[in-house]
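I have placed the structure first, in the form of structure tokens, so that the comments after it can refer back to it.
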């Protein structure tokens, strides 16, 4: 399926919920994508196409919706899947990062032995908003010696300029919602 | 791959970490399975075989490691994936359940429209210990009208009698660790 056609399908499939999780936030409910097997398949294929031709050592998924898209992608590409998790979920030794979010703050952890130094990885999450979580994940991966080739998202809210947070790391998203 | 052979591989691949997340708990680190693409593939195939011949409307994954195995399985089977989540992550309307765990307590939510009444579902999680989370998930699904065909796990600790918590619902696990 062409990206443009997939965007059309996503646009009609993903509902928006106002004032969730907080007043003034418009929530894009990507769980609708997972509930539609064909759409989930096309999204995974689009992410896989984006990865094709790259030498990738691991797919990194961000806790927790990034696990869903990341695991399907890792399965499709036959690549290792590495979870980046909220604190206290991974056994030692872990590397931890603290970061600031649009509404609140966050902490993430990764196993120190999750990648080998120099490993090339692609990061997957469902949505790129202000980019705090993605930035934290990239920094965490770089600290344990990984080279982050790209961060891939299903949905991007470009007005929030999340991709500007990622420094030299490229960002790819399937669908972009302007004016949100 | 035969189940017996897969069990052997899992036994040598899954490390155990003593006293995590609490003193006296032996942690089975299933992230090692996700990091090994062939093994992850075989585990997904074993779960898919278990589902074959069943009329299944959706695969339900439990937050958050159940998302990883559940998403790969849903992708493989071309079935809808439904996440059961910790509170505050899913937009309304949700059904919520409070339950007691071996070390602590928990709450889980599901979208009320996640399944249609009478839908047949299979629940996936990485590990069955005392069964509190699985029991909560089954009850949540039954409340919104789903019929739970089975709960499937990668690892089971049979001494903790988790499957006894599931009432009439069958439990399947790939590998069992006795005496843990």
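Protein chains in written order, with our numbering: chain A, 13 to 192; chain B, 13 to 192. Even glycine gets a Cβ: it sits at the ideal position worked out from N, Cα and C.
- Put simply, the CB of residue 129 of chain B is far from chain A, with every gap to its CB atoms at 8 angstroms or more.
- Around the beta-carbon of residue 179 of chain B, fewer than 16 other beta-carbon atoms lie within 10 Å, marking it exposed.
- Taking 8 angstroms as the cut-off, the Cβ atoms of residue 148 of chain A and residue 111 of chain A count as close.
- In this structure, residue 168 of chain A keeps its C-beta atom at 8 angstroms or more from the C-beta atom of residue 181 of chain A.
- Contact check for residue 159 of chain A and residue 130 of chain A: beta-carbon distance about 7 angstroms, within the 8 angstroms limit, so the pair qualifies.
- In this structure residue 152 of chain B touches residue 120 of chain B by the C-beta definition: roughly 6 angstroms separates them, less than 8 angstroms.
- Shortest Cα-Cα distance from residue 109 of chain B to any of B:16, B:174, B:22 and B:150 involves B:150.
- Below the 7 angstroms Cβ cutoff, chain B contributes 103 as neighbours of residue 29 of chain A, in chain order.
- Residue 31 of chain A sits in coil when the DSSP states are folded into three classes, being neither helix nor strand.
- Here residue 156 of chain A has 107, 122, 124, 126 and 127 as same chain residues with Cβ atoms under 7 angstroms from its own Cβ, once five neighbours each way along the sequence are excluded.
- For residue 110 of chain A, the pairing in a beta bridge is given by DSSP as A:119.
- Listed along chain B, no residue sits closer than 7 angstroms to residue 165 of chain A by beta-carbon distance, the nearest being about 16 angstroms off.
- Using a Cβ distance threshold of 8 angstroms, residue 136 of chain A and residue 78 of chain A count as a contacting pair.
- Contacts between residue 115 of chain A and chain B, judged by CB atoms closer than 9 angstroms, are missing: the closest CB pair is about 12 angstroms apart.
- About 11 angstroms separates the Cβ atoms of residue 186 of chain A and residue 51 of chain A, ruling out a contact at the 8 angstroms cut-off.
- In the same chain as residue 83 of chain B, and ignoring 5 residues on each side of it, the C-beta atoms closer than 6 angstroms to its own belong to 93, in chain order.
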